[in-house]
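Residue numbers (the working numbering): 928 to 1231.
C-beta: ideal position from N, C-alpha, C; glycine also.
No experiment lies behind these values; they were computed from the predicted model shown.
Read through the structure below, which is laid out as structure tokens, and then see the notes.
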């Protein structure tokens, strides 16, 4: 199929563009994540997620057996580690977390040898203190501040935890029915920073309240369920893993972003699908939904 044939080519092209970002990318907010193309600023790491999922889907669909140690190491070393390092250097902790979780989720969906899973779990548990120390020493100061504010919520509400505290105020003040469109206080009066990107859900919850938030969440859950339905209807493993990867992608962004606004997850800069401001994110989400719709509509091997 066409998607299957070009999966690795798109992945390689995406890696090349991520390298270009490190050389001539635009710096903003202490991170080098964007390429300036005329009047537009494009974030290649967002588009790369689709190519990454295609490459993972092709790798996992190559055989029907569960993953053994050799295949798991191949997948991680060849497909996960290169973009993971390139994104971490930018630095973009949120996207790197997404890439890693997508691989873990799809590997579990494929199936891992029971003995291997036990060994990897034990190794991970033993190495957590060591790896955590190394990771902490290499984090930027603002990334450390975000983790500290998550571990110690409310300890410095006017400093490190200001964003999250103001976000929780916005979510809680919405009540059951909300204050009404543009009638909130946290967003319009600029108490809440990044109200159009990372914390857009807090603004929505303040204006639309609990019931409005539940309606929004139900729409997202419907999208996830339809994606799982597309995976079930897919007639080849490549399409099935691609659908599952897209569902995982939306789920990670959804629950991490909403968790950030309520202090249930550290602030890692993941946009809320179809709501957070950002053209790259919006186009990536639209492409992902288009793939799901195409697979679900055809219900046979991908020939487009």
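- For residue 959, the pairing in a beta bridge is given by DSSP as 954.
- Note on geometry: alpha-carbon atoms of residue 1071 and residue 988 lie some 39 Å from one another.
- For residue 969, the uninterrupted beta strand (DSSP E) run begins and ends at 967-969, by DSSP.
- For residue 1092, the enclosing alpha helix (DSSP H) has its first and last residue at 1089-1100.
- Counting C-beta pairs closer than 8 Å gives fewer than three between the segment 1165-1174 and the segment 994-1006, which falls short of the contact rule.
- Residues 945 of the same chain have their beta carbon placed closer than 6 Å to that of residue 1013, with the five preceding and five following residues left out of the count.
- For residue 973, the number of other beta carbons within 10 angstroms of its own is at least 16, and it is reported as buried.
- A buried status is given to residue 1193, since no fewer than 16 other beta-carbon atoms sit within 10 Å of its beta-carbon.
- For the 8 Å CB-CB criterion, residue 1030 and residue 1002 form a contact.
- For residue 994, the three-state secondary structure derived from DSSP is strand.
- In the structure shown, residue 1194 falls within a coil segment according to DSSP collapsed to helix, strand and coil.
- In this chain, the alpha helix (DSSP H) harbouring residue 1147 covers 1127-1160.
- Cβ-Cβ distances below 8 Å link residue 1211 to 973, 974, 976, 977 in the same chain, with the five nearest sequence neighbours on each side left out; the list follows chain order.
- The closest CA to that of residue 1214, considering only 1119, 1041, 981, is found on 981.
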